[in-house]
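These notes concern the structure reproduced below.
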Amino acid sequence: MCGIVGYVGPREATEVLIEGLRRLEYRGYDSAGVAVMNGSGISVRKAVGRLSALEKELASNAAHGGLGIGHTRWATHGAPSIANSHPHVSYDGKLSVIHNGIIENYRELKNELIAQGVKFASDTDTEVVAHMVAREFKGDLLQALAAVLKRLRGAYALALCHAEQPDRIVATRRGSPLVVGLGDGENFLASDVPALLKYTRRVIYLEEGQIAELTSAGVELFDRELKPVTGKEVLTDLTLDAAEKEGYEHFMLKEIHEQPRALAETIRGRVEGGRVDLGELNLDAESLKGVRRIAIVACGTSLYSGMVGKYLLESFVKLPTETWSASEFRYADPVIDASLLVIAVSQSGETADTLEALRICKQQGARTLAICNVMGSSIPRIVGGTLYTRAGPEIGVASTKAYTTQLAAFVLLAVGIGRMLGSTTQADEARLVAGLEQLPRQVNELLTDDIVAVKRCAKRYKDVFNFMYIGRHYNYPTAMEGALKLKEISYIHAEGYAGGEMKHGPLALVEDTFPTIAIAPHGRTREKMVSNVQEVKARKGVVVMVSTLGDEEARELADYLIEIPKCEEELSPILAIVPLQLLAYYTATQLGRDVDKPRNLAKSVTVE
Ligand code: M6R
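Numbering-wise, our numbering puts 515 at position 243 of the sequence shown, and it's gapless, one number per residue.
Now the structure itself:
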């Protein structure tokens, strides 16, 4: 969480910083600030709230200069306030720092500094860095930072500038992302590539622990001991269009509508002639020899795709598979050894809990794979192989196209590994490949045909306080994900439950004002779901059913019916979630919520 940017060159730094921060606002939006070298010192401007507040502040109190750093904050230590906003300034007023991450030992460091007479202006963990580096500074910011890094524990991406070296930015990362952008006579820094795209597509992803020194003339990279290292320059294929709303009112709606294309991209080149080709993973029966168990680690929406992944892997790979919330995995005592294959799932590739769970697994000898959407992010860099979901940048905080493409990736992975291990039949492989190839068209149909029914449903139920989502087997995770979508953007309480569990407690909630969304497409649990719907109806509950086109019984039973095209049962979660994404979206917009930036949340959770 938090987005950081830096610029050095001939342009007005604040313009570049604001443009970059706009692209990073999804990472946090509690407050924002910039620090600019003004020729005689540092001008700092901050504002609480959205970036627009900072723009207003700059309009009335400009900060001129060609070097600057900027920050958009998701509060961890200290409430959103001007004092707690970044950039933070050192006690002598000469150094400024921005930070994404958490300095875990800040309390101990802060006490030391207080004992030395340093006065603190904020409640943040970051401020210790400003004072410590200022104390170490003997004319060389790079050396001062390197000395302080030895004492920092935790995760950080840091960027600093100093009034006595006004031509350079020094930056480093450990556990939080940081990308350098290369220009002609100018250079850039950002937490994520979209912040750079207006100026350059030439980027270097900083490696863990690397330190970068940026001037307008060039970028030098060092390891933690300050030995020069060479970074790998990459030409990113992301485009600015991909990071724009392109006429949609919100990124979330755009991203929902991008799903046909995202699915087509995710499948492209990986299925052919009725077969799955996972050549990019360099896996075969030999490299999988000895794998006896699979564990999926992920958070939030990615965790729900992992729950579907478990069912798929058990069906087609026939190895016991567990799904773990990464934040739980870290503090439990899971059995990890060389017989375990761990699959991490993450849109951003930066989620701190998922990353740490992976590190633990690697240390203990497990083999690792990832399903991830962001090239160059931290998770793909530490795993044995990554199946990228080619969904394109997902900016809306609520994950949509990342989820459906993760599900498609799990189908590919389960069938692909199943074939390598001889546990998937050719008929199943051909059946699922054919099904996958239909998906882009089917999602497109859904997006056209379902909108009216979904909008009506959203209008009818937007004022209720509670929702229940139920599903079974492949669509039990759909219930969890549907409920998560609704709560995170509309702030209506919603619970996702296994349909069969209703009678073990939640049925007590049902009354005539209580809506249950029942996900009941055709397949082995459809009839059981119909019985669960009957149980709700018998208690006067209201039921919205998501069922397969042509299901007459559902038509008779449901108060509201949302129909999805006929598909292979294993692929039904990919179709069933689409109307539920739209339901959450239209409910939230009718309630006037800030859909792309829901309160208290941020897109990329790089803190524990
Ligand atoms: O980037 P990741 O997929 O690792 O993120 C995991 C969760 O933080 C994320 O899915 C979150 O739950 C979404 N906001 C849900 O829409």
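From the three backbone atoms N, C-alpha and C, an ideal C-beta is built for every residue, glycine too.
Residue of the options minimising C-alpha distance to residue i
{"i": "residue 642", "options": "850, 659, 632 and 776", "result": "659"}
{"i": "residue 487", "options": "474, 466 and 459", "result": "459"}
{"i": "residue 805", "options": "796, 820 and 789", "result": "789"}
{"i": "residue 792", "options": "760, 811, 442 and 844", "result": "844"}
{"i": "residue 570", "options": "591, 644, 497 and 589", "result": "644"}
{"i": "residue 348", "options": "397, 277 and 593", "result": "397"}
{"i": "residue 317", "options": "283, 361 and 779", "result": "361"}
{"i": "residue 330", "options": "346, 290 and 321", "result": "290"}
{"i": "residue 535", "options": "770, 678 and 864", "result": "678"}
{"i": "residue 797", "options": "299, 548, 748 and 870", "result": "748"}
{"i": "residue 626", "options": "646, 602 and 314", "result": "602"}
{"i": "residue 340", "options": "280, 854 and 389", "result": "280"}
{"i": "residue 520", "options": "284, 667, 835 and 283", "result": "667"}
{"i": "residue 320", "options": "333, 853, 303 and 309", "result": "303"}
{"i": "residue 813", "options": "761, 858 and 741", "result": "741"}
{"i": "residue 328", "options": "441, 606 and 287", "result": "287"}
{"i": "residue 498", "options": "823, 698, 401 and 412", "result": "412"}
{"i": "residue 548", "options": "588, 561, 566 and 563", "result": "588"}
{"i": "residue 370", "options": "708, 425, 342 and 354", "result": "342"}
{"i": "residue 634", "options": "610, 619, 646 and 647", "result": "610"}
{"i": "residue 416", "options": "743, 664 and 402", "result": "402"}
{"i": "residue 656", "options": "821, 553, 380 and 358", "result": "553"}
{"i": "residue 418", "options": "505, 443 and 395", "result": "443"}
{"i": "residue 822", "options": "816, 809 and 838", "result": "838"}
{"i": "residue 785", "options": "815, 777 and 377", "result": "815"}
{"i": "residue 831", "options": "542, 335 and 726", "result": "726"}
Residues of its chain near residue i, where Cβ-Cβ distance is below 6 Å and the 5 sequence neighbours each way are ignored
{"i": "residue 733", "result": "787"}
{"i": "residue 638", "result": "608, 612 and 614"}
{"i": "residue 829", "result": "805"}
{"i": "residue 467", "result": "277, 292, 295 and 296"}
{"i": "residue 662", "result": "537 and 538"}
{"i": "residue 477", "result": "451 and 648"}
Cutoff 7 Å; reference residue i; Cβ partners in own chain excluding five residues on either side
{"i": "residue 731", "result": "862"}
{"i": "residue 737", "result": "764 and 765"}
{"i": "residue 449", "result": "429, 463, 464, 622, 649 and 650"}
{"i": "residue 827", "result": "833"}
{"i": "residue 703", "result": "840"}
{"i": "residue 759", "result": "765 and 766"}
{"i": "residue 807", "result": "774, 775 and 779"}
{"i": "residue 757", "result": "670, 852, 853 and 856"}
{"i": "residue 848", "result": "747, 750, 791, 793, 818 and 836"}
{"i": "residue 762", "result": "856, 859, 860, 863 and 865"}
{"i": "residue 481", "result": "446, 495 and 496"}
Cut-off 8 Å between Cβ atoms - residues of its own chain near residue i, not counting five sequence neighbours on either side
{"i": "residue 469", "result": "295, 508, 510, 511, 512 and 515"}
{"i": "residue 366", "result": "313, 314, 406, 409, 434, 435 and 436"}
{"i": "residue 850", "result": "528, 531, 676, 715, 718, 719, 722 and 836"}
{"i": "residue 391", "result": "363"}
Segments of 4+ residues assigned as alpha helix (DSSP H) that fall wholly inside the segment 276 to 339 = 285 to 296 and 323 to 332
For the 8 Å Cβ check, are there 3 or more pairs between the segment 564 to 576 and the segment 750 to 757?
-> yes
Along the chain, which unbroken stretches of the beta strand (DSSP E) at least 3 residues long are found entirely within the segment 699 to 774?
-> 738 to 743 and 765 to 770
Which parts of the segment 775 to 808 are runs of the beta strand (DSSP E), unbroken and 3 residues or longer, counting only runs that do not cross its ends?
-> 787 to 792
Could I get the ranges of all uninterrupted alpha helix (DSSP H) runs contained in the segment 359 to 428, with 4 residues as the minimum, in chain order?
-> 378 to 387, 399 to 408 and 413 to 421
4-residue-minimum alpha helix (DSSP H) runs that sit fully inside the segment 596 to 675, ordered along the chain = 598 to 601, 624 to 635 and 650 to 654
Which runs of the alpha helix (DSSP H), 4 residues or longer, sit entirely within the segment 519 to 590?
-> 523 to 529, 531 to 539 and 572 to 588
State whether the segment 439 to 458 contacts the segment 855 to 874, with contact taken as three or more CB pairs (one from each stretch) at a distance under 8 Å.
-> no
Contact between the segment 536 to 550 and the segment 480 to 498 (3+ Cβ pairs under 8 Å) | no
With a cut-off of 8 Å, do at least 3 Cβ pairs link the segment 579 to 586 to the segment 682 to 702?
-> yes
Taking three-plus beta-carbon pairs below 8 Å as touching, is the segment 550 to 569 in contact with the segment 523 to 533?
-> no
Where in the segment 432 to 515 do unbroken runs of the beta strand (DSSP E), each at least 3 residues long, occur, reported from the N-terminal end onward?
-> 437 to 446, 451 to 454, 459 to 462, 474 to 477, 483 to 486, 491 to 494 and 505 to 507
Could you pull out every unbroken alpha helix (DSSP H) segment of at least 4 residues lying fully inside the segment 820 to 849, listed in chain order?
-> 824 to 829
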